[in-house]
Every structure is written in C-alpha cells, then in structure tokens.
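Worksheet: the structure to be examined is printed underneath.
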C-alpha cells in the first residue's frame, strides 16, 4: 500500500506537469501539430536517462522513491498513450508525411535523449 501511495503522489505531480507543459507549448506553437506531446516525451526520456544514471552511480533511492519517480512522476509525465492518439489523428486527417515525421522524431529523439541524459550525467558524476 505504501508503494502505491508513492506512485500515486509521483503520478499526480507528473500529470500536472505534463498538462501545464503541453498547454503552454500548444498555446505558444499552436495545436496543428502535437508539439506538446513531442516535447514531454523528449524531456521525460532525458530525465529518465539522468535518473537511471544517477541511481547507478551516485544515489540508491528506496524502492518507494524509485517507484514514485520512475513509475509515478515520469510515467504520468510522458505520454506515449497520447502519442498513439496523436499519430492516429494525423493519419486520419490524411497528414501522412507529418504522421511519419512525428513517429520518427518521437522515437529517435527520445531514445537519443535517454542516451544523452546518461552520457551527460556520466560526465558530471564520474
């Protein structure tokens, strides 16, 4: 039960952060392309890379804190369910090239962001 409460607390923070960032980016760049979803997925991937590397090299969080940060906060912050919906909408609107670009950028940049988060953290911590 304690573990679930930690996940729930992290999830609440992550969901509110995602909403705020996606709303802000949508307002700033417009809603014709899912810039907000792309941004939170990239940022979340980088943060997860940093967290994993910090946990491996410097800090051993308790299982509750680890679950709160990884499953709760970052799980609620990143939005691959929204990514799937946005991809469907782009395809459904006949925006084939934008949909392919969105999928390619989301996957490639997020994976590179994860690796980048690890590499940058390694440089500072080792």
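Numbering (this note's numbering), first residue to last: 5 to 130.
In this text, a Cβ means the ideal position worked out from N, Cα and C, and glycines have one as well.
For clarity, every value in this text was computed on a predicted model and none was experimentally measured.
Please state whether DSSP places residue i in a helix, a strand or coil.
i	result
residue 82	coil
residue 66	coil
residue 37	coil
residue 97	coil
residue 2	The structure shown does not extend to residue 2, since the chain spans only 5 to 130, so no value can be given for it.
residue 91	helix
Can residue i and residue j be called in contact, C-beta distance under 7 Å?
i	j	result
residue 76	residue 14	yes
residue 33	residue 110	no
residue 87	residue 21	no
residue 98	residue 49	no
residue 91	residue 107	yes
residue 60	residue 7	no
Taking residue i and residue j to be in contact with their CB atoms under 8 Å, please state how far apart those CB atoms are, rounded to whole angstroms.
i	j	result
residue 54	residue 125	5 Å
residue 52	residue 25	With a Cβ gap of about 16 Å, residue 52 and residue 25 do not count as contacting.
residue 58	residue 129	7 Å
Report the residue from the options whose alpha carbon sits nearest the alpha carbon of residue i.
i	options	result
residue 113	16, 45 and 34	45
residue 93	115, 35 and 78	35
residue 38	95, 115 and 127	95
residue 28	6, 115, 40 and 123	40
residue 119	47, 17, 65 and 64	47
In angstroms with no decimal places, state the Cα-to-Cα distance between residue i and residue j.
i	j	result
residue 67	residue 10	10 Å
residue 12	residue 105	34 Å
residue 5	residue 89	32 Å
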